[in-house]
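A quick write-up on the structure given underneath.
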Amino acid sequence: MPKLPSYLAMRVPLLDLGEQYRALADPIHEAIDEVLASHRFILGPKVEAFEKAICAYCNSPHAVGVSSGTDALLAILMALGIGRGDAVITTPYTFFATAGCIARVGARPLFADIDPETYDIRPSAIQECVERNCQLGSSGQLETKRGEKVRAIVPVHLFGLCCQMDALHEVSERYQLEVIEDAAQAIGAEFRCEERTAKAGAMGEVGFFSFYPSKNLGAAGDAGMIVCRDEGLARKLRTFREHGMGPRYFHHVIGGNFRLDEIQAAILAVKLPHLEKCAAARRDAADFYGAEFTRAALTEKIALPCEPYRDRGLTNHHVYHQYVIRAPMRDPLREHLAKREIETAIYYPLGLHEQKCFTYLGYKKGDFPETERAARETLALPIYPEISREAQRYVVNAIAEFFKVTPNRGK
Ligand SMILES: *Cc1c(COP(=O)(O)O)cnc(C)c1O
Numbered sequence: 276m277p278k279l280p281s282y283l284a285m286r287v288p289l290l291d292l293g294e295q296y297r298a299l300a301d302p303i304h305e306a307i308d309e310v311l312a313s314h315r316f317i318l319g320p321k322v323e324a325f326e327k328a329i330c331a332y333c334n335s336p337h338a339v340g341v342s343s344g345t346d347a348l349l350a351i352l353m354a355l356g357i358g359r360g361d362a363v364i365t366t367p368y369t370f371f372a373t374a375g376c377i378a379r380v381g382a383r384p385l386f387a388d389i390d391p392e393t394y395d396i397r398p399s400a401i402q403e404c405v406e407r408n409c410q411l412g413s414s415g416q417l418e419t420k421r422g423e424k425v426r427a428i429v430p431v432h433l434f435g436l437c438c439q440m441d442a443l444h445e446v447s448e449r450y451q452l453e454v455i456e457d458a459a460q461a462i463g464a465e466f467r468c469e470e471r472t473a474k475a476g477a478m479g480e481v482g483f484f485s486f487y488p489s490k491n492l493g494a495a496g497d498a499g500m501i502v503c504r505d506e507g508l509a510r511k512l513r514t515f516r517e518h519g520m521g522p523r524y525f526h527h528v529i530g531g532n533f534r535l536d537e538i539q540a541a542i543l544a545v546k547l548p549h550l551e552k553c554a555a556a557r558r559d560a561a562d563f564y565g566a567e568f569t570r571a572a573l574t575e576k577i578a579l580p581c582e583p584y585r586d587r588g589l590t591n592h593h594v595y596h597q598y599v600i601r602a603p604m605r606d607p608l609r610e611h612l613a614k615r616e617i618e619t620a621i622y623y624p625l626g627l628h629e630q631k632c633f634t635y636l637g638y639k640k641g642d643f644p645e646t647e648r649a650a651r652e653t654l655a656l657p658i659y660p661e662i663s664r665e666a667q668r669y670v671v672n673a674i675a676e677f678f679k680v681t682p683n684r685g686k
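Below, the structure is given as structure tokens:
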């Protein structure tokens, strides 16, 4: 490989949280000091205030702060009474927690393949999954052929792009399934359908966010939030969040410790008002990548992220938690970028149906071809609100250089 003159080289990290922290350091430190002085460390006024702010932000009647995105899903499944003898439909192309929680409550994850353009679960694949694996039981309830009751769908708004929620709600209504939105990567994303715009997580009955530090709204540790429409469900979730307790030391259901810390809530409340601005900056950066890839004539070689369904009059507002391209020579490209000091990531190298811990589910290689192809071909490029145009140009030029050196392999 030709060596790049040193004056052209730069380091581009996948994510840089430094600038955001420096801009908000003072109010963040003040908020932390207030918590320390108050001696209220868990589920206090900061958590309550942050829950209210999330309700207002995503136009949801109820919000329940929890200890992580994972615990949010666990608590939702428990509160809905989903467990042994049940099955839940989800995508095999997601972070492990989505299916991990379904399995942890004793239910069976049933996978349905993704749309190759959006990487989100494809509603018609859910329909196919139902036709292949399920039947209607005596009470009219959807069951797997093993006799498990199919209770819910967990769509994941992957990389910050909402699933095709209108089609998905049609399937869920047809079979009377709960929809639990995994919006861990998509806070602030919007989906507009029939004059109604809804925010990710709050498009149906219940959804959740993760505030893991690298997510679009990141805490200084683990944190998560559930949003829901039904007051009864919100009450149940609050009970499950504290060991199924109420009143104190009287336990009528078995919950867990899913509580949110005051310090995390205080930090998140400082950052939330800046989220829209950050999402807009991520969208601008994505547009700039798009323009630069077009300028470098690379759009024949690699597939860029998209905002689909415009042809059907829908708006699907991507918040680019990740900027993911598809490149047939992914691994050599990644190595080339690493040599140019450009950090990239693979989300995810293996479909969940091929994970060792899920062998017992009985899936095999080839069951979800689009998931498997995405696992082989996708690459996440550096993106964050403050990324410089110079850094982005450097990334695009390095990719152009790779395809120039290996022109035929890029097909
Ligand atoms: C991050 C993430 C989770 C889990 O959130 P944590 O806060 O890390 O527990 C769940 N689902 C998806 C899709 C995620 O990206």
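Residue numbers (this note's numbering): 276 to 686. Idealized CB from N, CA, C, for every residue including glycine.
Residue i versus residue j - alpha carbon distance
{"i": "Y524", "j": "E470", "result": "48 Å"}
{"i": "A378", "j": "P430", "result": "16 Å"}
{"i": "M285", "j": "I674", "result": "14 Å"}
{"i": "G293", "j": "A578", "result": "30 Å"}
{"i": "Y564", "j": "V310", "result": "41 Å"}
{"i": "G685", "j": "A354", "result": "Caution applies to G685, whose pLDDT of 44 falls short of 50 and renders its modelled position unreliable; the value that the coordinates give is listed next. C-alpha separation (whole angstroms): 49 Å."}
{"i": "H518", "j": "D497", "result": "19 Å"}
{"i": "V545", "j": "C333", "result": "17 Å"}
{"i": "V322", "j": "Q539", "result": "8 Å"}
{"i": "D606", "j": "A650", "result": "11 Å"}
{"i": "E647", "j": "V339", "result": "35 Å"}
{"i": "A328", "j": "P624", "result": "36 Å"}
{"i": "K298", "j": "R557", "result": "It should be pointed out that residue 298 corresponds to Ala in this sequence rather than to Lys. Straight-line Cα distance between these residues: approximately 17 Å."}
{"i": "F568", "j": "N672", "result": "9 Å"}
{"i": "Y450", "j": "E618", "result": "44 Å"}
{"i": "G360", "j": "Y296", "result": "46 Å"}
{"i": "S414", "j": "G358", "result": "19 Å"}
{"i": "L547", "j": "C632", "result": "36 Å"}
{"i": "K614", "j": "H432", "result": "32 Å"}
{"i": "K640", "j": "D457", "result": "25 Å"}
{"i": "A312", "j": "L636", "result": "50 Å"}
{"i": "P488", "j": "C330", "result": "21 Å"}
{"i": "I303", "j": "P660", "result": "19 Å"}
{"i": "F325", "j": "H593", "result": "24 Å"}
{"i": "A555", "j": "K420", "result": "46 Å"}
{"i": "V380", "j": "Y669", "result": "46 Å"}
Cβ neighbour criterion (16 or more within 10 Å) applied to residue i
{"i": "G499", "result": "buried"}
{"i": "T634", "result": "exposed"}
{"i": "H596", "result": "buried"}
{"i": "T574", "result": "exposed"}
{"i": "K552", "result": "exposed"}
{"i": "A306", "result": "buried"}
{"i": "E423", "result": "buried"}
{"i": "P464", "result": "Residue identity differs from the one stated: residue 464 is Ala in this sequence, not Pro. Its Cβ being crowded by 16 or more others within 10 Å, A464 is buried."}
{"i": "T590", "result": "exposed"}
{"i": "K490", "result": "buried"}
{"i": "S663", "result": "exposed"}
{"i": "P580", "result": "buried"}
{"i": "E506", "result": "exposed"}
{"i": "K679", "result": "exposed"}
{"i": "E629", "result": "buried"}
{"i": "A572", "result": "exposed"}
{"i": "A566", "result": "exposed"}
DSSP bridge partner residues for residue i (one or two, in chain order)
{"i": "G340", "result": "M500"}
{"i": "N532", "result": "E517"}
{"i": "A578", "result": "R601"}
{"i": "L411", "result": "L417"}
{"i": "G482", "result": "E456 and V502"}
{"i": "E465", "result": "K474 and H592"}
{"i": "K424", "result": "D361 and E418"}
{"i": "R609", "result": "According to DSSP, which records beta bridges pairwise, R609 is partnered with nothing at all."}
{"i": "E431", "result": "Glu is not the amino acid found at residue 431; the sequence shown has Val there. D457."}
{"i": "H526", "result": "M520"}
Presumed contact (8 Å Cβ cut-off) between residue i and residue j, rounded CB distance
{"i": "P398", "j": "A442", "result": "4 Å"}
{"i": "D395", "j": "L436", "result": "6 Å"}
{"i": "L512", "j": "I600", "result": "The pair is not a contact, with the Cβ atoms about 38 Å apart (cut-off 8 Å)."}
{"i": "I455", "j": "V481", "result": "6 Å"}
{"i": "Y638", "j": "F371", "result": "Contact doesn't hold; Cβ gap of about 15 Å is too wide."}
{"i": "A560", "j": "I428", "result": "The pair is not a contact, with the Cβ atoms about 32 Å apart (cut-off 8 Å)."}
Pair within 8 Å by beta-carbon distance, residue i and residue j
{"i": "V446", "j": "H337", "result": "no"}
{"i": "F533", "j": "R510", "result": "no"}
{"i": "G626", "j": "P391", "result": "no"}
{"i": "I250", "j": "F483", "result": "A query on residue 250 cannot be resolved here, the shown segment of the chain reaching from 276 to 686 and no further."}
{"i": "A473", "j": "I462", "result": "no"}
{"i": "L656", "j": "Y584", "result": "no"}
{"i": "A382", "j": "A362", "result": "yes"}
{"i": "I317", "j": "D536", "result": "yes"}
{"i": "E418", "j": "Q410", "result": "yes"}
{"i": "V405", "j": "E616", "result": "no"}
{"i": "A252", "j": "I542", "result": "As displayed, the chain neither begins before 276 nor continues past 686, which places residue 252 out of reach and without an answer."}
{"i": "G531", "j": "L349", "result": "yes"}
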